[in-house]
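Report on one structure; see the data block that follows.
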Amino acid sequence: MKISVFGGGAWGRALAFALAEKNDVRIISRRDLSSLLAPLNERLLAQDSKPIMQVDYKDGLDSQYFVMAIATSALREWLTRVKLPKDIKVLCASKGIESGSGAFVSDIMEEWIWHKNLAYLCGPSFASEVVQSLPCALVIHSRNLALSREFGTLMPKFIKAYVSPDVVGGEVAGAYKNVIAIAAGICDGLNLGANAKASLVARGLVEICRFGEHFGAKMETFLGLSGAGDLFLTSSSTMSRNYRVGLGLANQKPISEILSELGEVAEGVITARAITEIGERENIYTPIAKEISLVLNGKSVSESFKKLMS
């Protein structure tokens, strides 16, 4: 199949690599990808697959399937500018909640594309491991399970794809876990111990469930790959950008310096503020997200953790 991947960040490149095992993949990005795609194409040639091509978005519109891997903060602007055909089939790999509006990714996507043509990729998956073809299991959420299964057939042998109709649950889990990962990074950066970390992550999962159920999500989603699986992964490794944000905050670095050092988007920074605003508006108890939002605005990390413990 012909697949076009929109977004040249680490996750977009990793998905392009994975999908190229069985498909003809092109990648569309505003950045110059020539140097970044070279090592991926070397890996692909080693496994006898076609190299990934970088193309202009107009040249990529003749594909049968599309993957969206654009930062949530830039998604609305990008869709407004590009004007995709409404009937295209899209697997959205963007995670987060839009700042200001509080819109979920599906809210944004459905303004441009019919919901029956939209699916959402969730689950524990570091880009750096995907480009090594290391095994993982993911969930493709969609209100159209036939479409989820279609996208599942495009996946490489090293990715096991499950399907789920719970779009909201997948979105909430994928967005909220980044906030808890920041808190976990702070916890480890302050050397508060394994007991504190386990308690924090467990209470974080409870908080994610509470938030998601308010919007009609299913509990089973949060106990599976999209919820607990992705949360455990991002809260425990320096491969997680959001976890590294927490480590930086624990070392009293300003958030501007931390993000500059990362060089990539850490969705949890914007999502923490968005969740806090939604929680206050909808009267949902979100103590961890609220404290992380305050820390991002300058509150002492030690004072924040004292607040959580009280």
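Sequential numbering from -8 applies to the sequence shown in the numbering used here. We put the CB at the ideal spot given by N, CA and C, even for glycine. Fair warning: this is a prediction, and the values are worked out from it, not measured in the lab.
- The closest CA to that of Ala137, considering only Val154, Ser124, Leu129 and Ile19, is found on Val154.
- Following the DSSP letters along the chain, one finds Ser155 inside the beta strand (DSSP E) bounded by residues Ile150 to Ser155.
- Looking at Glu271, Tyr167 and His132, the one whose alpha-carbon comes closest to that of Pro156 is His132.
- Per the coordinates, the alpha-carbon of Ala84 lies some 31 Å from the alpha-carbon of Ala185.
- For Leu27, no beta strand (DSSP E) segment is defined; the enclosing uninterrupted segment is the alpha helix (DSSP H) at Ser25 to Ala37.
- Contact check for Lys74 and Asn108: beta-carbon distance about 16 Å, past the 8 Å limit, so the pair fails to qualify.
- Taking all protein chains in view, the Cβ of Glu282 is crowded by 16 or more other Cβ atoms within 10 Å, so the residue is classified as buried.
- With respect to Gly160, Ala208 sits close: the two C-beta atoms are nearer than 9 Å.
- For Gly289 and Gly91, the gap between their C-alpha atoms comes out near 20 Å.
- Distances from the CA of Pro76 to each of Trp103, Ala241 and Ser26 were compared; the closest alpha carbon is that of Trp103.
- For the alpha helix (DSSP H) assignment, the uninterrupted runs of no fewer than 4 residues enclosed by the region 202 to 279 are, from N- to C-terminal side, 210 to 213, 221 to 225, 232 to 241, 246 to 253 and 258 to 273.
- DSSP, reduced to helix, strand and coil, places Tyr167 within a helical segment of the structure shown.
- With contacts defined as CB atoms closer than 9 Å, Gly(-1) and Leu24 qualify as a contacting pair.
- For Asp15, the uninterrupted beta strand (DSSP E) run begins and ends at Asp15 to Ile19, by DSSP.
- Between Ala164 and Phe213, the CB-CB gap stays under 9 Å.
- Here the alpha carbons of Phe8 and Asn233 stand approximately 23 Å from one another.
- Secondary-structure assignment with DSSP links Met59 through a beta bridge to Phe(-3) and Cys83.
- Beta-carbon to beta-carbon, Leu240 and Val286 are separated by about 6 Å, close enough to satisfy the 8 Å threshold.
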